[in-house]
Every structure is written in structure tokens, then in C-alpha cells.
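First residue of the sequence shown: 2, per the numbering used here; consecutive thereafter.
Data block below; observations after.
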Amino acid sequence: MSLSDQCIKRPVFATVLNLLIVVFGLAGLAQLSVRELPDVDAAVISIRTNYAGAAPEIIDTDITEVLEGAIAGVAGIKTISSESRLGRSDITIEFEIGRNIDEAANDVRDAVARVRNDLPDDVDEPRIRKNDSDASPVMRIAITSTLMSPPEITDYAERYIIDQLSTLDGVAQVDILGQRRFAIRVWLDRKALAARNLTVDDIINALRRNNIELPAGELTSSTRQFTVRTDTRLSSVQQFANVVVSNVDGYPIRLGDVARVVRGVEDDQTMVRSDGKNAVGLSVIRQSQSNTVSISDRIRAQLERLRPTLPEGMSIDISSDDAIFIKASIREVLQTLAIAVTVVISVILLFLASFRAALVPAVTIPVAVIGSFIGIYALGFSLNILTMLA
2 MSLSDQCIKR
12 PVFATVLNLL
22 IVVFGLAGLA
32 QLSVRELPDV
42 DAAVISIRTN
52 YAGAAPEIID
62 TDITEVLEGA
72 IAGVAGIKTI
82 SSESRLGRSD
92 ITIEFEIGRN
102 IDEAANDVRD
112 AVARVRNDLP
122 DDVDEPRIRK
132 NDSDASPVMR
142 IAITSTLMSP
152 PEITDYAERY
162 IIDQLSTLDG
172 VAQVDILGQR
182 RFAIRVWLDR
192 KALAARNLTV
202 DDIINALRRN
212 NIELPAGELT
222 SSTRQFTVRT
232 DTRLSSVQQF
242 ANVVVSNVDG
252 YPIRLGDVAR
262 VVRGVEDDQT
272 MVRSDGKNAV
282 GLSVIRQSQS
292 NTVSISDRIR
302 AQLERLRPTL
312 PEGMSIDISS
322 DDAIFIKASI
332 REVLQTLAIA
342 VTVVISVILL
352 FLASFRAALV
362 PAVTIPVAVI
372 GSFIGIYALG
382 FSLNILTMLA
């Protein structure tokens, strides 16, 4: 005897069975992750290494080739692509689908660590990230203030905001745009340098010699122990201006004699504005294989916790969010399904002129759709445009 015969003969059994399908379907729906498209992203790891002032040829030979040779033996790699440009090396590693991104990142870190000593001495530490180096941000955030300047906003964001967002699950990195980091700027006078037979390298070496902090040993008594350090780091404009660059006939030549030293910012080439006001922007890059909607929800919740702690006059707003488009797409699909069900029931009711005949699809179609969520959840799929239209 078929299931349909049992349901006809036992209506109570059929009702209970349909209710169970609806209950378990709704429970599965509550656990499904929401995505725009199915989760078919491969694990992608990027390595960025900065080497200030180095030509692309040197970057390629001394950094890119060394790192590529080290990571070539990592298991599960599908493709390796690299780009060497002035002062920077970018390597992107794509793994086979199914490779766990955390395990892949650990293997890449181990491979890079083995050849770290083969890189040039002045090169920055290679930065390994769980995303494509050219990945677009999934969310943009603007920080504005009516009482603080852009350098002060930048300083606050780097101290208290970026770290709290970067540690959220699924976030690969948080980049800061329009930043204005405090810095001492030295504007060299070419004529003064030439008159004293000095070069730019002389200025750089003098600053390196004088702007250092080194351990100097320990002092131990019978009851106490002290750590001694030489603190010669420069922090003010006057201290930089007093740095001795050279000596000529016993007379010191100071930095202030050949340059103008001012307090400024590291980079003033870019500007971010929000609602007509100067701002500092944050762009959130997601990890490959992570869920954009989940990241958006976590960031919004974290921003709500941060807002009460912001200084007076500071506001933090979301400028763009890719999750809004994804949610709108899913909502549009659900509306289309609802319209389709309504049209089917209306056509049956119109042509058959029987409420009883229209009641059957009115009940079975929603139950079937809700019941499909059980299979979607059991198979590990997500709620996306394709699964909703399947």
C-alpha cells in the first residue's frame, strides 16, 4: 500500500506528517546560511611583501622567486600567480576546492618561515592573508568627527576600532582609507646640502643612528634588579632639528641647518569625504570561503557596541554593504515564489470554480517548499538564488 493510500485512509496521520514536515523544514531554514550564490569558493591565500625603493626586477629576483619556490611544495595548490612592482611583491595562491583555508594558511606560513632568512635584510615581514590580494571590500565604513581632525580620527581608529573589526570571524583584513598618520616631515634644502657637501643618504643614516632604542644590560644589587635601556628615540620637531648630521672643522651641522622639519602626516595624497565632511574610511575584506551576509551582521553588531564608547562628536556610519544586495536578491526570489503560488491557486479556482480543488495546491505547495529546506540543510547547502529556484 502506497503512502498516498495511507494518507487518504488516515487523514490524522497525513495531517501530523505534514505538520512534522513544516516544523522540521522551518527548523532547517533557521539554520541555513544566506548567500547570493552557492559556496564554491576555493581557498585563496595572498602574500604581500614590501621592500621600499626596490625596482621590480629586484623584487622579482630576490623576493617573488624565493617565496614561489618555497610555497610550490604546499599540498593542494591549484595555481600560483604573482606580480612584482616597485617596492612590492604580491603572490596569490589558489587551492583546490575543498581545501580548508585555515590549514592552507598554516602550511603557507610554515613554507615562508623556512626561507625568511633568504630574503633581503631590509625587507618587511611578508604578510599572509586569507583572501585574494585584489579582492573587493564587502563593506565600507566612514568615520567622521565634528571635533577631531583627520589625523586624530586616524589615530583613534587604529587604536580602538580596526583591531575589534579585524578579529571578527570571516574578516580577512580591514584597510584604512584617507588615513592621516602623524609623522615628522623633513623638507630638504638642496642648496644647503650642496654647500655642505652632504647627500640624502647622509641625512637618512644620521636619523637612523640617532632615532633608536637599544637594551643596555642590567644593574643588580643585593635586593633589586634594574633593566637599563638607551632611549634615544626622537619625538618632537626640535629633537629632529637638533640631530647632528656631520661635523666640519669641529663645527656640527644639524638637520635644521639643511632642512625644514615640521609636524605633519605620512600621506596626504588621498582624501575621503562622507556627507560633505572630511572622514577616514574603513574597507572590510572578507576571507575566501566566508559568508558575506554573516560578516555584515557581525560587523553591524560590533559597531552598535562601539558607538556608545566613541569620543564626543565622532560618528561611524556604513557607506556601502554588499549584504544588502544579497538579501534583496533572496527577498525578490521569495516574492517571486509567493506570486507563482498565488497565480497557480487563482488559475485553478478560476477555471474549476471549486474551492476544494484549489485548497489542495494551496496546502501542498507551501508544505513542499518548506519541506525542501530539510534536504537543503541535510546536504550542507546554503540558501541562495539557485537553491531557491531549483
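Don't be surprised by glycine CBs; every beta carbon is placed ideally from N, CA and C.
- With a threshold of 16 other beta carbon atoms within 10 Å, residue 131 meets it and is buried.
- Using a Cβ distance threshold of 7 Å, residue 251 and residue 143 do not count as a contacting pair.
- Contact between residue 120 and residue 63 holds, with the beta-carbon distance rounding to 7 Å and staying under 8 Å.
- Cα atoms of residue 175 and residue 320: separation of roughly 15 Å, rounded to the nearest angstrom.
- Comparing C-alpha distances from residue 196 to each of 137, 207, 260 and 244 shows the shortest one belongs to 260.
- Straight through space, the alpha carbons of residue 205 and residue 122 are spaced by roughly 17 Å.
- In this structure, DSSP gives residue 176 an extended state, which the three-state scheme calls strand.
- Around the beta carbon of residue 97, fewer than 16 other beta carbons lie within 10 angstroms, which makes this residue exposed.
- DSSP places residue 9 within a helical segment (H, G or I) once states are collapsed to three.
- Contiguous beta strand (DSSP E) elements confined to the stretch 248-273 occur at 252-255 and 260-266, taking only those with 3 or more residues.
- With the rule of 3 Cβ pairs closer than 8 Å, the stretch 84-99 counts as touching the stretch 28-47.
- Residue 377 sits away from residue 365, with the two beta carbons spaced by 7 Å or more.
- According to DSSP, residue pairing for residue 318 in a beta bridge involves 143.
- The continuous stretches of alpha helix (DSSP H) do not include residue 131, and DSSP gives it neither H nor E.
- The Cβ neighbour count for residue 322, taken over all protein chains shown within 10 Å, is at least 16; the residue is labelled buried.
- Beta-bridge partners assigned by DSSP to residue 96: 78.
- Going by beta carbons, residue 186 and residue 155 fall outside the 7 Å limit.
- With respect to the C-alpha of residue 87, the residue from 66, 54, 100 and 104 having the closest C-alpha is 54.
- If only uninterrupted alpha helix (DSSP H) runs of at least 4 residues are considered, those enclosed by the stretch 147-176 are 151-157 and 163-167.
- At a Cβ-Cβ threshold of 7 Å, residue 220 and residue 229 count as neighbours.
- Here the alpha carbons of residue 74 and residue 265 stand approximately 46 Å from one another.
- In the structure shown, residue 84 falls within a strand segment according to DSSP collapsed to helix, strand and coil.
- With respect to the C-alpha of residue 77, the residue from 107, 29 and 348 having the closest C-alpha is 107.
- Taking the Cα of residue 277 as reference, the smallest distance to any Cα among 16, 90, 18 and 147 is reached at 147.
- Cβ-Cβ distances below 6 Å link residue 194 to 259 in the same chain, with the five nearest sequence neighbours on each side left out; the list follows chain order.
- Between the beta-carbon of residue 383 and that of residue 36 there is about 5 Å, and that keeps the pair under the 8 Å contact cut.
- Collapsing the DSSP output to three states places residue 342 in a helix.
- DSSP places residue 199 outside both helix and strand once states are collapsed to three, so it counts as coil.
- For residue 64, no alpha helix (DSSP H) run applies, since DSSP gives it neither H nor E.
- For residue 301, the uninterrupted alpha helix (DSSP H) run begins and ends at 293-307, by DSSP.
- In terms of Cβ geometry, residue 286 and residue 173 form a close pair [threshold 7 Å].
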